[in-house]
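In this note's numbering, the protein residues as written are -19 to 103. All C-beta atoms in this analysis are idealised placements derived from N, C-alpha and C, irrespective of residue type, glycine included. Report on the following structure.
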């Protein structure tokens, strides 16, 4: 159950702290998340530069940002499954596979968005 000992700005500040703790843990423990963050460093400015309109910029950058967001969810699911037990179980494997498929889908979505926006300009 959620802790109801505070409200207002104190709750917001605590929630922000928990979020930063989650980012730090994922960055330190998950190589895929680190790789995605390092790829964002050059690709976000590139997306802002290549987009001809604010909507194109938003689509290019937004599709990039979706990938680490889904990776965070994937890592949370994997951590939860591993916490329950390290023995092999069909449902545990299925949960991890589905979460991995979500990451793959977000990467595929990103590639399609970039291709649909940029290929007509270059072909």
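Asked                                                                                                                                                : Found
Which same chain residues, not among the five before or five after residue 50, have their C-beta less than 6 Å away from its C-beta?                 : 82, 83 and 86
Name the residue from 5, 37, 6 and 103 whose alpha carbon lies nearest to the alpha carbon of residue 26.                                            : 37
I'd like the list of long-range same chain contacts for residue 9, defined as Cβ closer than 8 Å, with 5 residues on each side in sequence excluded. : 55
Pair every Cβ in the region 4 to 20 with every Cβ in the region 69 to 76, then say whether three or more of these pairs are closer than 8 Å.         : no
Can you give the beta carbon distance from residue 41 to residue 24, rounded, assuming they're within the 8 Å contact cut?                           : 6 Å
State yes or no: is the C-beta of residue 90 within less than 9 Å of the C-beta of residue 52?                                                       : no
With distance defined between alpha-carbon atoms, name the residue in -4, -12 and 97 nearest to residue 35.                                          : 97
Hey, would you say residue 20 sits closer than 9 Å to residue 45, going by beta carbons?                                                             : yes
Checking 9 Å against the spacing of the C-beta atoms, do residue 58 and residue 88 come in under that value?                                         : no
In this structure, how does DSSP classify residue 27 when only helix, strand and coil are distinguished?                                             : helix
From residue 95 to residue 11, what distance separates their C-alpha atoms?                                                                          : 26 Å
List the endpoints of the continuous alpha helix (DSSP H) containing residue 77.                                                                     : 70 to 102
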